[in-house]
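Below is one structure; the comments refer to it alone.
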Amino acid sequence: MCAIRLLQQQFFLGLVILFSFGCEQIQAQSIDFPNKPIRMIVTTPPGSAGDTIARALAQGMSEVNRQQHIVENRVGAGGIIGAQAIASAQADGYTIGVAVTSHVVAPLLQSKPPYHPINDFTPIAQIIVMPSMVVSSLKNNVRTLKDLVDLAKAKPGELNFGSLGDGTAAHLAAEIVNRATKIKVTHIPYRSVGDSYTGLWSGDVQFVVFLTSSAVPVFQGGKALALATTGRVRNPNFPEIPTVRELGYPEAESELTIGLVGPANLPSEVVRKIHSDAVIAMRLPDVRDRLLKQGAQPAVDVSTKQYGEHLRDEYEMFKKLITTMGIKQP
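The end of the sequence shown is residue 338 by the working numbering, with every number in the run present.
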């Protein structure tokens, strides 16, 4: 009976994938694209959340359209170097990019930004949403987010939180939590994820607010304590960790969006084809599993228009936050 049930499950899974493939391809069969390899620019370093997710998607899209998708890390200047490479590429769909938080944030930190994160790009497809986790040092002797908030309020300005630099996802997510909980703490930027882990474990910083994929190595093994997720729902891989909303801080919610963008004026039929291939790829069991293991939720139901609207909303939100924080680079 178990074998029969397994065969039935595999059969129906195959039907779902086949049906999805057919539906997604209906509007994308009229053009001969792609007919050569596609370059996928990632503005974050190898091993980062953006890089890991890009490589999972690239593998899946290569299976879908039978063309190689080459992931190229163009790192530097907080993501600006890679973003400029995307914006200046030929608008034919053979150079696309993976947009993470820095896509909209990096220009906001510059007095004379070299590009506009909305006007100089074409939104294509949202890939995932990923929340962060509030992780506390064991040196604090706190067990809950409320304990940490109470400690910070008892010692205003004395507690430190770590990030990977001004305007990074970890910095902004932490500032959102700080404002929602009304605590005054000191920002300590680190050069690398490893350095920030060491700082947390040693007690040099009292907490971090890292993307789930980066947070898990911090607290697994009992070296730190995960207090809350900033997502709208609990992470199924860590169901014991409550959401900030459950704990009374709904304004502390934040989720990173990662998506595909291209240079401005990308032809609409090319956008539809890339979006279609990306959605099909995200539904492949292997790709979906790899994304879920990163703590990410595949965005298979988000249209290109919705993703573009989200990017604009995200830009305005971070513009307001960064202006309030007074962060600016030359």
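Backbone N, C-alpha and C define an ideal beta-carbon position, used for all residues, glycine too.
Residue P139 holds the alpha-carbon nearest to the alpha-carbon of A223 among P139, R240, N73, S210. With the rule of 3 Cβ pairs closer than 8 Å, the segment 282-297 counts as touching the segment 123-139. Per DSSP, the unbroken alpha helix (DSSP H) holding T60 starts and ends at 57-73. In chain order, A114, P122 place their CB closer than 7 Å to the CB of I88, counting only its own chain and leaving out the 5 sequence neighbours on each side. Counting C-beta pairs closer than 8 Å gives three or more between the segment 224-232 and the segment 189-208, which meets the contact rule. Note on N243: 16 or more other CB atoms within 10 angstroms of its CB, so buried under the neighbour-count rule. Per DSSP, reduced to three states, the secondary structure at I126 is coil, with no helix or strand assignment. Bridge pairing for I266: I136 [DSSP]. K190 and V157 have their C-alpha atoms some 8 Å from each other. Selection K301, V295, L319, Q302 evaluated against V308 yields V295 as nearest (Cα-Cα).
Taking E166 as reference, the option from R298, S311, Q214 with the minimal CA-CA separation is Q214.
Here the alpha carbons of E183 and V241 stand approximately 20 Å from one another.
CA-CA distance, A62 to I104, rounds to 11 Å.
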